[in-house]
Amino acid sequence: MVDLESEVPPLPPRYRFRDLLLGDQGWQNDDRVQVEFYMNENTFKERLKLFFIKNQRSSLRIRLFNFSLKVLSCLLYIIRVLLDPPPQGNKWYHIFWVTRCLPLWGLQVSVALISLFETVLLGYLSYKGNIWEQILRIPFILEIINAVPFIISIFWPSLRNLFIPVFLNCWLAKHALENMINDLHRAIQRTQSAMFNQVLILISTLLCLIFTCICGIQHLERAGKKLTLFDSLYFCIVTFSTVGFGDVTPETALSKLFVVIMICVALVVLPIQFEQLAFLWMERQKSGGNYSRHRAQTEKHVVLCVSSLKIDLLMDFLNEFYAHPRLQDYYVVILCPTEIDVQVRRVLQIPMWSQRVIYLQGSALKDQDLLRAKMDDAEACFILSSRCEVDRTSSDHQTILRAWAVKDFAPNCPLYVQILKPENKFHIKFADHVVCEEEFKYAMLALNCICPATSTLITLLVHTSRGQTAPWEPFKQLTGTKQTLNREGQQSPEQWQKMYGRCSGNEVYHIIMEESTFFAEYEGKSFTYASFHAHKKFGVCLIGVRREDNKNILLNPGPRYIMNATDTCFYINITKEENSAFKNQDQLRRNNASKSFYHGPSRLPVHSIIASMGTVAIDLQDTSCRSASGPNLALPPEGSKETRRPSIAPVLEVADTSSIQTCDLLSDQSEDETTPDEDISTNLEYAKGYPPYSPYIGSSPTFCHLLHEKIPVCCLRLDKSCQHNYYEDAKAYGFKNKLIIVAAETAGNGLYNFIVPLRAYYRPKKELNPIVLLLDNPLDDLLRCGVTFAANMVVVDKESTMSAEEDYMADAKTIVNVQTLFRLFSSLSIITELTHPANMRFMQFRAKDCYSLALSKLEKKERERGSNLAFMFRLPFAAGRVFSISMLDTLLYQSFVKDYMISITRLLLGLDTTPGSGFLCSMKITEDDLWIRTYARLYQKLCSSTGDIPIGIYRTESQKLRTSESRETASQSQISISVEDWEDTKDTKEQSHHRNNHRNSTSSDQSDHPLLRRKSMQWARRLSRKVPKHSGKTAEKINQQRLNLYRRSERQELAELVKNRMKHLGLTTVGYDEMNDRQGTLSYILINPSPDTRLEVNDVVYLIRPDPLAYLPNTAPSRKSSICNTTGADTREETQL
């Protein structure tokens, strides 16, 4: 066996630790050779090339030295000209010979030797096999012309005074400067803009032309007028500027020829340079250039990343972002991959925006573009999705990549991301603030069905008011605070528009309790006590708190929550506390004593107002309180003057368990008043718990009503029978509650956020509305799914139409579908959302409706005044029938200043559930509740009984005629009354005729409606013939009556169409109310109204109710003695106040 150790030579000591310790030197006799590897060829030429050319720093030094030599040679030439004596004698002699002193000659020779040596060396190092290419280069030729004669003069002294055109070294200096700038960029590893390089080349070219012309004309005129350098400079400037005074002109033929050559060179060279500069300028304008590093370090800026920038998106962002005073000095850098739009360019040229907004064309996925935007120095980055894409999932994918790229490039930059699909939200959980469009959209649509106009409420709360401001006189008089309010609608003659516009200025603010004048005195008191007294004293609505050691916000934590000095208070008010001024009460009383007995618009005695400032119950004796909806006085209930109204219990400083009547929503017996048999059957059907499955990652678990057993998939088809049931339409199911129909194109994951609020655990089981998903909406399917007896019809924007060629046409399909439903089912409550807010004017469109035209004029006036919500007075939006999801873009923008707004909005919409936090619900004011009279007394009643916090009122009232229109002649009144009586008679006969036909089911009504329409038109024409000549207003009123007759006949035609179709499908027509439309009513929201606002019948009050799971009451109070009924606008309340 071969000994392996004897064959293998030992390793050197650096590889053998034993030899290193023992000092074995046997490795020195080893025949191994150490090899070193070089990156470049280790020859003398390569080492010189590495030092002079390849190495950036040494090459930069060589270029700088060469540039200095050329500039020095030009300075020496100027010194020689200044020292040269005036020429005398033969004029041609002075062109070839000059006077050059010995020291100057020595300096010029030294410079020439060094320059020639450097030029030859660099030519040798850059030689690549073609020697003529090196020799015929223009810089090499100029170097030979300027350096070789000086070297010859060393050996031939008589040539020391020979004229040498040293001024041509300026072109070599220009060439060295260009090379030096390139080496500088390579050395510092940072590229300057091409615009900077081109401007530098243009300026250096222009200077070289002028310097060459000056020196050439001055030397050639030595044989003529003998011009000085200053005269030559004057001549060149006058000539190149095309002024041409003619006082200085060349005299010799050579100088004239030289001027012609220089002008031709200038005409060729300068236009080329200017063309390149203009091209780069145009490209810079398209790409936007760079955001200055110096400005980024001294000024604050935010970056807006979008895939395509439209004018509406830009203006919404700028108006909302710069609405906050502390953001006025911020810069906005827009990073967009597309070329700037013409409208956007026009807007950014406005001085107000041109100084603060910078547009950069680039991609967020490129580090170079992020560096141009100075993303690492930005205060925040907003990444918005394109909701107009055909594939919304693809749009989300692009947003996710942008968010990842920004986080990778600038980890410390706060991210504000907008996402479309909820299933993509978990990819960007690292972002500081995220708004998912479909989550908020479906949640608002769902809450609109149970709390009317929730979408309008949320939109107004997250909107920043920017209208004109004026003091709110009632609060200024009452509390001494100078509050400001939004003046939108204040120029309107309609009282509801003034109140609606004033209350729309309320927003959510925050403040530390110990730093607050509003809430500091309530330290150690209960939350409801602090909320009620702050509202009564200052007019602010305290809605939530946050502990110092906890990040979770609690909306209305209930009366058991004790306020702490370090708590952060969240409140609703016209303006934040920091912008308010306060007067002491003694001065306030002295000021009020000198004024009239009754207090301004509230019509309340001043002494009663001051007396109510304590902790006692409000019990005002004056009953002449002005109605909030108009100038008319609302009479008190009968007998109110003889007997004292029931008193309201005071709000306790610390909660008493026995005084709080909170619903035990976990107990089925306290929820529904049913018989024992019905209760048992109900308990077997429903249970409360968390959904076992989540449709997407990141959805918040919500405690809600669930079925004990999963329903088979075949039973979910409402229009088809299966082996488990034989029903084929919604009427056959016999639902006890009205339906909620959702018309959507696809059943996406976002629909989960629509169902959960409607099945929340705090809603009584007897009020749960069946939900019908309608994926296609032809008339037959609408009738089968029970549209005639539905409570609400929700129409979701069609994704297939969002990518229309014209942006505003993205809502065309949705608008026309909703208008068709509105015409066919005028009594149906339709709720929808649009892509563009401007398209709200087409909802429930009536081309000849005078009131709609008046609202359109009001909208234009408000837009001219600078309002950001000019469309807020449109009746569908004010009533909560329509909203635009783009309005919630302001929620993301506001989060930069108010980082709590997204959390509060999610809690209000039920998207998040925090233990101990309340929820949004509503209650309806009935005639039995009018003894409360004012909003302040309602606030106290709710805080003292159930702990609920009211935040606003949803009011519905009839459209009232103007005073001038009501002062018509008696004949007109009689005519209108007779017409209405005739119409009512026709309606009664028609309805009875329909009922008889339904009972018999033997004949149709297709032959009746033409006759009815013909008779209606005959009656209108007869009416117009009988009426004598009247004024213009009379004729307008008659035309309106004729139009009403025509509309009524048209509605009857549509009703007949629907009924005949229902009969054809075998559906009953009972309950179809074809004549009831809501044209005569209007609805609007009053957010945090003043305490003296009068309550009216059918007012819906928005409440933030405490979480019933936070504690269990000691006793179970009766249903009729507590406020625990959450319902929509059409459900009668059982609340007893």
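Per the numbering used here, the very first residue in the sequence shown carries number -17; after that it's consecutive. Even for Gly, the Cβ is constructed at its ideal location relative to N, Cα and C. The structure displayed is predicted, hence computed values, not measured ones.
Contacting residues, own chain, Cβ-Cβ under 7 Å from residue i (five flanking each side not counted)
| i | result |
| --- | --- |
| Pro121 | Leu154 and His157 |
| Leu1125 | There is no way to answer for residue 1125, as the model of the chain reaches only from -17 to 1119. |
| Gly506 | Ile544 and Met545 |
| Glu421 | Pro404, Gly732, Asn735 and Leu893 |
| Ser960 | Since pLDDT at Ser960 reaches only 39, below the 50 mark, its modelled position is unreliable, and no value is offered. |
| Pro379 | One point to set straight first is that residue 379 is His, not Pro, in the sequence displayed. Excluding residues within five positions, none has a Cβ falling inside 7 Å. |
| Ile382 | Asn406, His409 and Ile410 |
Within 8 Å, strictly: CB atoms of residue i and residue j
| i | j | result |
| --- | --- | --- |
| Val399 | Ala385 | yes |
| Tyr504 | His515 | yes |
| Gly483 | Ser1072 | no |
| Arg1087 | Asp930 | yes |
| Thr320 | Gln876 | no |
| Thr194 | Leu236 | no |
| Phe240 | Gly198 | yes |
| Glu160 | Ile183 | yes |
| Leu95 | Ile61 | no |
| Val80 | Asn143 | yes |
| Leu1122 | Val242 | The chain is shown only over -17 to 1119; residue 1122 falls outside these bounds and no answer can be derived. |
| Tyr1084 | Ile907 | no |
| Ser927 | Pro632 | no |
| Phe137 | Ile146 | no |
Assumed close pair residue i, residue j - CB separation to whole angstroms, cut-off 8 Å
| i | j | result |
| --- | --- | --- |
| Ala712 | Val754 | 6 Å |
| Ile340 | Ile316 | 7 Å |
| Thr938 | Asn1080 | 6 Å |
| Gly768 | Leu721 | 5 Å |
| Ile1069 | Ser486 | 7 Å |
| Ala392 | Met357 | 5 Å |
| Cys370 | Gln343 | Not really, about 19 Å apart at Cβ, beyond 8 Å. |
| Thr438 | Gly862 | 5 Å |
Contacting residues, own chain, Cβ-Cβ under 6 Å from residue i (five flanking each side not counted)
| i | result |
| --- | --- |
| Asn272 | Arg354 |
| Glu419 | Leu402 and Ile867 |
| Ile44 | Phe34 |
| Asn759 | Ala725 |
| Cys696 | Cys704 |
| Ala1017 | none |
| Ser345 | Pro319 and Asp351 |
DSSP bridge partner residues for residue i (one or two, in chain order)
| i | result |
| --- | --- |
| Gly934 | Ile1069 and Tyr1084 |
| Trp79 | Leu144 |
| Cys287 | Leu317 and Ile365 |
| Cys903 | Leu1085 |
| Gly526 | Leu537 and Phe552 |
| Ile401 | Cys418 |
| Arg1121 | Here the chain comprises residues numbered -17 to 1119, so residue 1121 is not present and cannot be evaluated. |
Cut-off 8 Å between Cβ atoms - residues of its own chain near residue i, not counting five sequence neighbours on either side
| i | result |
| --- | --- |
| Leu689 | Glu667, Tyr668 and Ala669 |
| Leu166 | Leu42 |
| Phe685 | Lys670, Gly671, Tyr672, Ala742, Tyr743, Thr895 and Leu1091 |
| Thr101 | Pro121, Phe122, Glu125 and Ala129 |
| Arg1043 | Leu761, Asp762 and Leu765 |
| Leu879 | In the sequence on display, residue 879 carries Val and not Leu. Closer than 8 Å at the Cβ level, and outside the excluded window around Val879, lie His306, Arg308 and Leu309. |
| His76 | Pro69, Arg204 and Ala205 |
| Leu840 | Gly471, Ser474, Gln479 and Phe855 |
| His818 | Asp294, Asp789, Tyr790, Ala792, Asp793, Ser866 and Ser868 |
Give a yes or no on contact between the segment 769 to 777 and the segment 813 to 829, applying the rule of three or more CB pairs nearer than 8 Å. yes
Can we say the segment 321 to 341 touches the segment 290 to 305, given the rule of at least three CB pairs closer than 8 Å? yes
Flag this pair as touching only if the segment 699 to 716 and the segment 730 to 747 have three or more C-beta atom pairs under 8 Å; answer yes or no. no
Is the segment 278 to 286 close to the segment 360 to 369, with three or more CB pairs under 8 Å? yes
Taking 8 Å as the cut-off, does the segment 1061 to 1070 touch the segment 1044 to 1053 (at least 3 CB pairs, one atom from each stretch)? no
The segment 64 to 82 contacting the segment 107 to 122, beta-carbon criterion three pairs below 8 Å: no
When you compare the segment 853 to 863 with the segment 822 to 829, are there three or more beta-carbon pairs, one atom per stretch, that lie closer than 8 Å? yes
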